[in-house]
Structure formats: structure tokens, C-alpha cells
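For reference, the structure is listed below as C-alpha cells.
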Amino acid sequence: MSGAAPEAVEGRRGRAWRGWVARLLTVLGVLFLVVSIAANFVERQALDTGNVEETARQLVDDREIRELVAANMTDQLFASVDVQAALEARLPEEQRGFAGALTGALRPVAERLALEILERPRLQELWVRAVGVAQGQIVRVLDDDARFLETDEGVVVLDLRPLLVELTNQLPVVPDLSERLPANAGIVTLFEAEQLETAQQATRLLRFVADWIWVLALAAWAGALYLARDRRIELRAVAAGFVVVGLLVLVARRLVGRYLVDELSATTSEESAVRNTWEILTRLLAESAWAAIALGAIALVGVWLVGPGARAATARGWLAPHLAKAQTAYGVAGALFLLLILWGPISYIERPLTILVLAVLAAVGVELLRRFVLREAAATPDTGPDAPPAVAGGG
């Protein structure tokens, strides 16, 4: 006995060491998950042309945002062109004193016309195409697919000049106002040449992190489950980590949005526009958060189902005859998975690689559950009323 005691103590120490290292790996994997969500959000929102155009379309579809853009268009028009001078040039000499009053009266008219322009499908598509073209130029430059910037003077720009020209052409009293627009009116500089090298390095790092950080997370969780003294408890910790990360991302999105609304809004109308803009720009971040919560919740249900509780045992007993038939178990799971993809509540899971990874994980989960439930059913004697009587003695 005296010789066995040190070995037992050493064994307990070894198990304790494995336990805290397993939990450390679990936490590390959860941190990698946070980085993955952030990196994938930035990559998809900024570097994916389809997402950028969809975001631009949602922005211009929003009434409050259109009103803010219309006001900004009007401000830029009156800042770029001396409307009063243009009116004085068209009025008879004895009426030129009214040019100032006419200019003031023309401003709300211009803002109303700008809003009407932004409500037209043709002009909305022009807005979306302009955003898509500018974003495409930026991505080609950042990915070093172009040896030089594709616009004059070494910059990438968002060209909204056609919208200003459309506005000036429809303004009453001064029909030739578009001819007075300066060359840079409606041009928004997005990217300058001196920023190129740093931006390209950041883009390469972002793409690498977004594409591969999830591998480190999976490796950390696999190591945690390998070392854990109780793998069910460690898997529960991983699943809970998914839920917590998703909730924290949603809370952070809400808090940052409130801060930006307070900082950038001067009026009630601007407050609504800024809030809606933030909601649209971060929709993919929210979808990623909900995807993490959904995966964590599903995993938590699975962990509960294989737990020692009486209700879990009852649920396993009900599932046993269905899981015994592989075609039924995989057929139902596959049908539910396909319905989820077709429904598409979260666009994040519509990516081919994501679908493949989730399909593999779902198949592994179904198989592990089948084996656990069937092994338990085989080890449990049938004590029902139709069970054959026990035979006394050995045999």
C-alpha cells in the first residue's frame, strides 16, 4: 500500500495537468473563433463585390438613408456651384436682386428632387454599379492584380457625378447648371497611392487569417478533447463558448452602434439614417454571431442528450429505434440540413466550404450519437411486460 500511494498521487497530478491544459486549449479555440468571426466579416463586407453591391442596394432602399444622401447631394451641389451667380446671369438686370431669395427657395426644391432621383430604380442601380466598380478597383489593387491604380492622379474613387448631373438637369430656373459643375464634383476619394503598400500587406494578412484561423480553432478544440478527463464536459465548454461568443458579438455590435449614432447624429433624421446604416453595414457580423449561437445551441443539446440525466435517458430510449436504422437517422439529418441551407436564414452558411465543414461535423455527430445510444440500448436489459423471464443460474 505504501508503494502504491505515490503512484496514485502522481496519476492524479497527471490527470490534473491534462485537465487545465485541455481547458486552456478550449479557451484558446474560442479566442480564435472571435478572431475568425471578425476577420471573415471584414473580408466579406469589404472585399466581396457581391456583398458590397448587396449592401449598397440595401442602403439606397432605406428611406431615412436616402433622405440623408439627398441632403448631402444638395449640400455638395450648392457648395460646388455658385447657384446665385447662375441665377443672376439668367435674370433680367432689374430682377437680379431677387437671385438670393430664389437661391434660398431653390434649395428645398433641389433636396426634394434629389430624393425623387434616389427613389428611381434606374438611378438606384447606377448607385449600386458605381459602388461595385469602385470596390472592384480597390480589390484588384489590394490583391496586386493591377500594377497601377486605374484612375487619374493615383487614386481610386467612387464616382457619383452622374447623380449630381441628373439633379442639376432637373432643377427649374437654371437648366444648364450641370455645365458649371467642377470636374471633381460627386467624386469621393476612396484610396490614394501612398496607402498602397500598407493596405496590400493588411489585405494579405486579413485574407490569410479569415481563410485559416478556423483550422487553429479546430486543432485547439481537438487537443482539448484529447486531453480532457471528461470529454463530454469539455465539449460542453466548447459549445458554451460558441454561444457566449455569439452573444458578445451581438452586444458589442449594439453598443458600438449606439456610440456611433450619438457621435455622428445631429438631428433625429440623421440619427435614424446612421442607425440604419450601421445595421445594414454590420448585418453579416450579426449573421455570423447568430450562426455561432445556433451551432453552440445544437452542440449543447447533443451534449445534454448523451448525459446522465433521467430526461436525457428517456429521450435516448425514444430515439433508439429510429437511430438503429442508419438510413432513417442520416436521411432525417440530411433533410433537415438541406432545408436549413435552402431556407438560408444565415448567409454565412451558404459558402461551399462552410457547408462542407458543417455537413462533415453533422455526419460525425449523428454517427457518434447512434453508437452511444445503440451501445446503451444493447447493454440495458429489456424489463418490459413482454420481456422473457430471467433464467436462474449461469449458462
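Under my numbering, the final residue of the sequence shown carries the number 1338; numbering is consecutive throughout.
Don't be surprised by glycine CBs; every beta carbon is placed ideally from N, CA and C.
**Asked** Nearest CA to the CA of Leu1085: which residue from Arg1055, Arg1197, Ala1145?
**Response** For the residues Arg1055, Arg1197, Ala1145, the minimum Cα distance to Leu1085 belongs to Ala1145.
**Contact set for Leu1228: own chain, Cβ-Cβ below 7 Å, skip 5 residues either direction** = Contacts found: Phe984, Val1192, Arg1196.
**Asked** In or out: Arg1055 buried (at least 16 other Cβ within 10 Å) or exposed?
**Response** That one is exposed.
**Request:** Report the partner residues of Val1194 according to the DSSP bridge assignment.
**Result:** For Val1194, DSSP records no beta bridge to any residue.
**Request:** Taking Leu1266 as the reference, give the member of Glu1319, Leu1069, Ser1215 with the closest Cα.
**Result:** Among Glu1319, Leu1069, Ser1215, the Cα nearest to that of Leu1266 is on Glu1319.
**Prompt:** When you compare only the Cα positions, how much space is there between Tyr1273 and Val1309?
**Reply:** Distance between Tyr1273 and Val1309, taken at the CA atoms: about 7 Å.
**Item:** Own chain, CB closer than 6 Å to Gly1129, minus 5 neighbours either side, in chain order
**Value:** Here the set comprises Leu1103, Arg1104, Leu1107.
**Request:** Per DSSP, which residues does Val1026 bridge with? Please list them.
**Result:** Residue pairing of Val1026 in beta bridges, as defined by DSSP: absent, with no partner found.
**Asked** Comparing the CB of Gln988 with every heavy atom of the ligand FMN, is any distance shorter than 6 Å?
**Response** In the structure on display, the ligand FMN does not appear, and there are no ligands present to speak of.
**Item:** Distance between beta carbons of Leu1049 and Glu1109, contact taken as under 8 Å
**Value:** Not quite, the Cβ-Cβ distance comes to about 16 Å (not below 8 Å), so this is no contact.
**Prompt:** Between Glu1031 and the rest of its own chain, which residues show a CB-CB distance below 6 Å, the 5 nearest in sequence each way excluded?
**Reply:** Excluding positions up to five away in sequence, the list reads Arg1039, Ala1042.
**Nearest residue (CA-CA) to Glu1068, options Arg987, Val1003, Leu1299** = Cα-wise, what sits closest to Glu1068 is Val1003.
**Message:** I believe Ala1216 touches Glu1010 by the beta-carbon criterion, under 8 Å. Please report the beta-carbon distance rounded to the nearest angstrom.
**Reply:** 7 Å between Cβ atoms; contact.
**Request:** Compute the distance between the beta-carbons of Gln1019 and Thr1046, then report whether it is under 7 Å.
**Result:** With respect to Thr1046, Gln1019 sits apart: the two C-beta atoms are not nearer than 7 Å.
**Prompt:** Between Thr1141 and Arg1150, what straight-line distance do the alpha-carbon atoms span, to the nearest angstrom?
**Reply:** Thr1141 and Arg1150: Cα-Cα distance of roughly 14 Å.
**Request:** Give the DSSP-derived three-state secondary structure of Val1131 in the structure shown.
**Result:** In the three-state DSSP reduction, Val1131 falls in the strand class (E or B).
**Prompt:** Roughly how many angstroms lie between the CA atoms of Ala1209 and Gln1080, to the nearest whole one?
**Reply:** The alpha-carbon atoms of Ala1209 and Gln1080 are separated by roughly 33 Å.
**Segment limits, alpha helix (DSSP H) that includes Gly1308** = Under the DSSP assignment, Gly1308 falls in the alpha helix (DSSP H) whose first and last residues are 1295 to 1322.
**Request:** Determine the DSSP secondary structure at Asp1004, reduced to helix, strand or coil.
**Result:** In the three-state reduction of the DSSP assignment, Asp1004 falls in the helix class, which pools H, G and I.
**Item:** Burial state of Ala1269, where buried means 16 or more other Cβ atoms lie within 10 Å
**Value:** Under this definition Ala1269 is an exposed residue.
**Prompt:** Should Glu1206 be labelled buried (16 or more other beta-carbon atoms within 10 Å of its own) or exposed?
**Reply:** Per the 10 Å Cβ criterion, exposed.
**Item:** Minimum C-alpha distance to Val1158 - residue among Ser979, Arg1072, Arg966, Ser1023
**Value:** Answer by Cα proximity: Ser979.
**Request:** In angstroms with no decimal places, state the Cα-to-Cα distance between Val1024 and Gly1200.
**Result:** Cα-Cα distance, rounded: 35 Å.
**Asked** Just the Cα atoms here: how many angstroms apart are Ser1231 and Val977?
**Response** In a straight line, the C-alpha of Ser1231 is about 10 Å away from that of Val977.
**Message:** One question on the structure: do Ile1236 and Val1275 come within less than 7 Å of each other, judged by their Cβ atoms?
**Reply:** Val1275 sits away from Ile1236, with the two beta carbons spaced by 7 Å or more.
**Message:** Suppose you measure from the CA of Gln1113 to the CA of Arg987; what does that come to, to the nearest Å?
**Reply:** So the alpha carbons of these two residues sit roughly 38 Å apart.
**Request:** Output the distance between the C-alpha atoms of Ile1223 and Thr1211, rounded to the nearest integer angstrom.
**Result:** Annotation: Ile1223 to Thr1211 spans about 19 Å, alpha carbon to alpha carbon.
**Message:** Quick check on DSSP: helix, strand or coil for Leu1124?
**Reply:** DSSP places Leu1124 in coil when its eight states are reduced to three.
**Asked** How many angstroms separate the CA atom of Ile1156 from the CA atom of Val1316?
**Response** As the crow flies, the alpha-carbon of Ile1156 is around 34 Å from that of Val1316.
**Request:** Compute the beta-carbon to beta-carbon distance between Arg1167 and Ala965, rounded to the nearest angstrom, for a pair I have assumed lies under 8 Å.
**Result:** Reading the sequence as shown, one finds Ala at residue 1167 and not Arg. Distance from Ala1167 to Ala965 at the Cβ level is roughly 4 Å; contact confirmed, criterion being Cβ atoms closer than 8 Å.
**Where Leu1110 sits in the DSSP three-state scheme** = Correct three-state label for Leu1110: helix.
**Item:** Three-state class that DSSP yields for Asp1154 in the structure shown
**Value:** In this structure, Asp1154 counts as helix in the three-state DSSP scheme.
**Asked** Alpha carbon to alpha carbon, how far is Leu1124 from Ala989?
**Response** Going by the C-alpha atoms only, they are around 31 Å apart.
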